[in-house]
Amino acid sequence: MTQPTDGTSPRQHPNTRPAKAVATLAVGAAVLALAGCGGPVSGSANTPANPPAPVNLAYVDTKATTDAAAGVKKAVETVFSYDSTQAAAVAQNEQQYLTGTARTDFDKTFQQVKTTPVQTQTQVLDSGVLDLTPTSAKVLTIAGQQSTGQNGQKNSATAIMLLTATSAGGHWQLSQIEVSPKAAAEPASGLVGTPAATRDAVLAAARKAAVVLLTVDAKNADAVFDSYESVAADPLLSQFRDTRAHTVDGMKQSGAKASLDPQSVAALTSLSADGTKAEVLLGGIVNTQQQGGEQQRQIPAKLTMVKQGPAWKVSGITTVAPGS
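According to this note's numbering, the residues represented by the sequence shown are 229 to 552, in order.
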């Protein structure tokens, strides 16, 4: 999020609805929205006594992963929450939290807005560490920004960003910011029976499942819904079965077709100590086709993953947005 953008999205509020009802509504809403019917770890017993250290420490070194995520969150919320009339304060935050191309890009953007009074407030809605070393990190981040301009005009937006950061003097600096990122999947560690292997396996399964769950094809609605069920576990599987008739009918009536860009970025946000549960953040870039033509949409989502036998399946999926 390198500049204030247009859009509308409410502030995030605690959700007091029953969990099952919320999940059911979220599933139905996500599928129907794509169809155009809604508004725009631990190692196993076979682990070697001294396995080689993984290059990527994300969710292997739990404390380092948590610290990196928190440090990047601090950098984003500090730098991108500003009063454009307070140039000295903006410059101080920029010097502390930005470096490299991230700083260059921010300078260019701020030059455009500093002559017009604007106040921005940015909040990290969710994030997942994709890659981690002792001195660097790549963090998938979903951020919401609200801005107030002249005459009290308000705007809000949500952005998907892939942030590259470096550790510097006890805090993290952003060195590169990619908005609406696309990237090939990170190579697997190859360290069988280790936490790194579990991380890689669940992430690969989540990416494949996301391609299935964010597919819409009005001409093949029944087959598409069958594929939804094939990657789901309870409670999501039961919710799919309960809403099948309604969702399939809506998909057929929409005439829509949609598919997830296979290079949409995904990253873990959590991994249980026993290696059987995880959450994965998806920066979904979805291509849709309807009667009005083709368009590309951003759908940031979180997938809850559970291990069933040797396979990982999706037990829940929700969109990530202020107020969700």
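Where a beta carbon is used, it is the ideal one built from N, C-alpha and C, also for glycine. Predicted model, so just to flag it, every value in this text is computed and none were measured.
Who are residue i's beta bridge partners in DSSP?
{"i": "V357", "result": "V367"}
{"i": "D311", "result": "Q347"}
{"i": "D445", "result": "K485"}
{"i": "E406", "result": "L390"}
{"i": "K436", "result": "The partner list for K436 (beta bridge, DSSP) is empty, contrary to what the question assumes."}
{"i": "N383", "result": "S375"}
{"i": "L531", "result": "V508 and I545"}
{"i": "V493", "result": "G511"}
{"i": "A539", "result": "Q536"}
{"i": "H474", "result": "H474 is not bridged to any residue."}
{"i": "G421", "result": "DSSP output for G421 lists no bridge partner at all."}
{"i": "T293", "result": "DSSP, once it has assigned bridges, lists no residue as partnering T293."}
{"i": "A555", "result": "No information on residue 555 is available, as it lies outside the stretch 229 to 552 that the chain covers here."}
Among the options, which has the Cα closest to the Cα of residue i?
{"i": "A330", "options": "L360, V407, S375 and V352", "result": "V407"}
{"i": "A451", "options": "T475, A461 and D462", "result": "T475"}
{"i": "Y310", "options": "Q373, K436 and V300", "result": "Q373"}
{"i": "P345", "options": "V508, S375 and A387", "result": "S375"}
{"i": "P538", "options": "G421, L442 and Q404", "result": "G421"}
{"i": "F338", "options": "S355, A298 and A315", "result": "A315"}
{"i": "G299", "options": "D333, L360 and V341", "result": "L360"}
Do you know offhand how far residue i's Cα is from residue j's?
{"i": "G380", "j": "L510", "result": "34 Å"}
{"i": "V542", "j": "A434", "result": "7 Å"}
{"i": "T290", "j": "A281", "result": "14 Å"}
{"i": "G521", "j": "K447", "result": "17 Å"}
{"i": "A484", "j": "N515", "result": "11 Å"}
{"i": "I545", "j": "S498", "result": "15 Å"}
{"i": "L465", "j": "M533", "result": "12 Å"}
{"i": "V255", "j": "F468", "result": "Unreliable positioning characterises V255 in this predicted model, as indicated by a pLDDT of 45, which lies under 50. The coordinate reading is nonetheless provided below. V255 and F468: Cα-Cα distance of roughly 8 Å."}
{"i": "V455", "j": "G478", "result": "In the sequence under discussion, the amino acid at residue 455 is Ser, which differs from the Val named in the question. Going from the Cα of S455 to the Cα of G478 covers about 17 Å."}
{"i": "A396", "j": "A365", "result": "12 Å"}
{"i": "T312", "j": "A385", "result": "Checking the sequence, you will find Ser at residue 312 rather than Thr. Spanning the two alpha carbons is a distance of roughly 18 Å."}
{"i": "P550", "j": "L353", "result": "7 Å"}
{"i": "N284", "j": "A292", "result": "11 Å"}
{"i": "Q481", "j": "L488", "result": "21 Å"}
{"i": "K302", "j": "A473", "result": "45 Å"}
{"i": "A493", "j": "G398", "result": "First, the residue type needs correcting, since residue 493 is Val and not Ala in the sequence shown. C-alpha separation (whole angstroms): 28 Å."}
{"i": "R525", "j": "I513", "result": "6 Å"}
{"i": "Q323", "j": "T332", "result": "11 Å"}
{"i": "K382", "j": "Q347", "result": "10 Å"}
{"i": "T547", "j": "S500", "result": "22 Å"}
{"i": "A297", "j": "L442", "result": "27 Å"}
{"i": "G503", "j": "Q519", "result": "45 Å"}
{"i": "N274", "j": "M389", "result": "Legend: pLDDT at N274 = 49, less than 50; position of this residue unreliable, value from coordinates given subsequently. Their backbone Cα atoms lie some 38 Å apart in a straight line."}
{"i": "F308", "j": "D470", "result": "43 Å"}
Considering only their Cβ atoms, is the gap separating residue j from residue i smaller than 8 Å?
{"i": "A393", "j": "V367", "result": "yes"}
{"i": "T350", "j": "A371", "result": "yes"}
{"i": "L419", "j": "A425", "result": "yes"}
{"i": "Y325", "j": "Q401", "result": "yes"}
{"i": "K410", "j": "Q491", "result": "yes"}
{"i": "V444", "j": "V459", "result": "no"}
{"i": "A529", "j": "V357", "result": "no"}
{"i": "T363", "j": "V304", "result": "no"}
{"i": "Q536", "j": "A432", "result": "no"}
{"i": "L531", "j": "A449", "result": "no"}
What do you reckon, is the C-beta of residue i under 7 Å from a heavy atom of the ligand COA?
{"i": "L499", "result": "With respect to the ligand COA, the structure offers nothing, as it holds no ligand at all."}
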